[in-house]
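Engineer:
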Amino acid sequence: MQAGDHRRDRPVGGDGVGVPGPARPAGTRRRGGVRTRAGGGLPVGELTGATGAGAETAERAAPAELVLDLAEMATRHVNAALRSLPDGARARLVNPAGRHNLAVGLTRAVRVTIAGPAGYYVGGLGEAAEVTVDGPVGWGAGENLMSGTVRVRGAASQSAAASAHGGLVVVEGDASLRAGISLKGGRLAVAGDVGRYCAFLAQAGTILVGGDAGEALGDSLYEAVIYVAGRVRSLGTDARICDLTAADVAAVRVLAAQAGFDHVDPENVTRVASARRLYHFDTAHHGAY
17 MQAGDHRRDR PVGGDGVGVP GPARPAGTRR RGGVRTRAGG GLPVGELTGA
67 TGAGAETAER AAPAELVLDL AEMATRHVNA ALRSLPDGAR ARLVNPAGRH
117 NLAVGLTRAV RVTIAGPAGY YVGGLGEAAE VTVDGPVGWG AGENLMSGTV
167 RVRGAASQSA AASAHGGLVV VEGDASLRAG ISLKGGRLAV AGDVGRYCAF
217 LAQAGTILVG GDAGEALGDS LYEAVIYVAG RVRSLGTDAR ICDLTAADVA
267 AVRVLAAQAG FDHVDPENVT RVASARRLYH FDTAHHGAY
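Heads up: the sequence shown begins at 17 in this note's numbering, then just goes up one per residue.
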């Protein structure tokens, strides 16, 4: 997914996200212990090839499920139509073909399903919406999320849930490098493995890893907490393994239930938090930064 010299980024497509992943290839497999809710049986309201008037049509189509054909629409018009929907409305995006910036900036309690792979920043900057992607995603899924949910039914590329202030990002496969980077209060749940530098500079929030964690877990961690059900390859600077408390067990149980992970034993996870040695710069520790 990373563009070469002087080339534009291309959408995500095919069977994988095409980026460096954790220890073993992420692919698009879904973890066997992941449970998801069945879809609703609402009638379908069609809106294909909408242009500037798509927002008004979308408003009239609620509460029936709105179907947007991305093969016939520009991203700007797709997002405008989604933002016009009232609370409780549903929408389905078909033929996404790895399009970037889908379902971003939604501020109402709507449910959006993307029927296929999505590209960079899907569901980012959202508040209250529930966004589900039926496939893998590119960089920054749920980036800067404020509230609501972004669920990925596949693998996630780099920097999932980056800088998320609230809400929940669920990855039902593996997540690549820097998952949860600079997390600011949101929650990230990954059913499978995570790559290197997970939770780098994470300031607040919770990360649950249902598989293994790659190198430098929690590097430069602040007040975020990480729970790992599998193996921790190595800890990052100023991260440490802490004793598991009853409150931790309860928190993991709630998060695993919300994510739909039944393969995680809340009483058998590793808790990683900040050692709090590098909160303030000290020349005596300059080599550790």
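Here a beta-carbon is modelled for each residue, glycine too, at the ideal position from N, C-alpha and C.
This structure is a prediction, so every number in the text was calculated from the model and none was measured.
1. So Asp235 packs on Tyr213, CB below 8 Å; how close in whole Å?
2. What's the gap between the Cα of Ala113 and the Cα of Gly132?
3. Alpha helix (DSSP H) containing Glu229: first to last residue?
4. For Val248, I'd like the list of residues in its chain whose CB is within less than 8 Å of its CB, leaving aside the five on either flank, ordered along the chain.
5. Provide the residue span of the alpha helix (DSSP H) that contains Arg306, from first to last.
6. Quick check: what's the CA-CA separation for Ala245 versus Glu88?
7. Looking at C-alpha atoms only, which residue of Leu260, Glu283, Asp259 is the closest neighbour of Arg269?
8. Take the Cβ of Pro152 as the centre, count every other Cβ of all protein chains shown within 10 Å, and call the residue buried at 16 or more, exposed below.
9. If His116 and Gly164 are in contact, beta carbons under 8 Å, what's the gap, nearest whole angstrom?
10. Where does Asp264 land, buried or exposed, given buried means 16+ other C-beta within 10 angstroms?
11. Compare the Cα-Cα distances from Ser179 to each of Ala267, Ala240, Asp103, Val210 and report the closest residue.
12. Near Ala125, what residues of its chain come up, given a Cβ to Cβ distance below 6 Å and the 5 sequence neighbours on each side ignored?
13. Can you tell me whether Glu81 is helix, strand or coil according to DSSP?
14. Is it buried or exposed, Thr148, if we count other Cβ atoms within 10 angstroms and call 16 or more buried?
15. From what residue to what residue does the alpha helix (DSSP H) around Thr91 run?
16. Considering only C-alpha positions, which residue in the set Ala272, Ala107, His93, Asp278 is nearest to Leu184?
17. Under DSSP, the alpha helix (DSSP H) around Leu184 begins and ends at which residues?
18. What number of angstroms, rounded off, separates the C-alpha of Glu159 from the C-alpha of Arg127?
Structural biologist: Short version:
1. The count along the sequence shown starts at 1 and reaches residue 235 at position 219. The count along the sequence shown starts at 1 and reaches residue 213 at position 197. Contact holds; Cβ gap of about 6 Å.
2. Start at 1 with the first residue of the sequence shown, and residue 113 comes out as number 97. Start at 1 with the first residue of the sequence shown, and residue 132 comes out as number 116. Distance between the alpha carbons of Ala113 and Gly132 is about 7 Å.
3. Residue mapping note: residue 229 aligns to position 213 of the sequence shown, counting from 1. In the sequence as presented, Glu is not what sits at residue 229; that position holds Ala. Unbroken run through Ala229: none, as it is neither H nor E.
4. Counting from 1 along the sequence shown, the entry for residue 248 is found at position 232. Counting only Cβ-Cβ distances below 8 Å, and skipping sequence neighbours, we find Asp228, Ala229, Leu233, Ile257, Thr286, Val288.
5. Look at the range of the chain in this structure, 17 to 305, and you will see that residue 306 is not part of it.
6. Numbered from 1 along the sequence shown, position 229 holds the residue referred to as residue 245. Numbered from 1 along the sequence shown, position 72 holds the residue referred to as residue 88. In a straight line, the C-alpha of Ala245 is about 43 Å away from that of Glu88.
7. Taking the sequence shown and counting its residues from 1, one reaches residue 269 at position 253. The shortest C-alpha separation from Arg269 is found at Glu283.
8. Counting from one through the sequence shown, the residue named residue 152 turns up at place 136. The residue in question, Pro152, is buried, as its Cβ has 16 or more Cβ neighbours within 10 Å.
9. What you label residue 116 is simply residue 100 of the sequence shown in a count that begins at 1. What you label residue 164 is simply residue 148 of the sequence shown in a count that begins at 1. His116 to Gly164, Cβ: 20 Å. No contact.
10. Residue 264 sits at position 248 when you count from the first residue of the sequence shown. It counts as buried.
11. In the sequence shown, residue 179 corresponds to position 163, counting from 1. Comparing Cα positions, the closest option is Ala240.
12. Taking the sequence shown and counting its residues from 1, one reaches residue 125 at position 109. Counting only Cβ-Cβ distances below 6 Å, and skipping sequence neighbours, we find Asp103, Ala144.
13. For the purposes of this step, residue 81 is identified with residue 65 of the sequence shown, where counting begins at 1. Glu81 falls in the strand class under three-state DSSP.
14. As a position in the sequence shown, residue 148 is number 132, starting the count at 1. With 16 or more other Cβ atoms within 10 Å, it is buried.
15. Taking the first residue of the sequence shown as position 1, residue 91 is located at position 75. Following the DSSP letters along the chain, one finds Thr91 inside the alpha helix (DSSP H) bounded by residues 91-99.
16. As a working note, residue 184 is residue 168 in the sequence shown. Comparing Cα-Cα distances from Leu184 to each of Ala272, Ala107, His93, Asp278, the minimum goes to Ala272.
17. Reading the sequence shown from its first residue, position 168 is the one you call residue 184. Judged by DSSP secondary structure, Leu184 falls outside any alpha helix (DSSP H) and instead within the beta strand (DSSP E) spanning 184-187.
18. Locating residue 159 in the sequence shown gives position 143, where the first residue counts as 1. Locating residue 127 in the sequence shown gives position 111, where the first residue counts as 1. Cα to Cα, Glu159 sits roughly 18 Å from Arg127.
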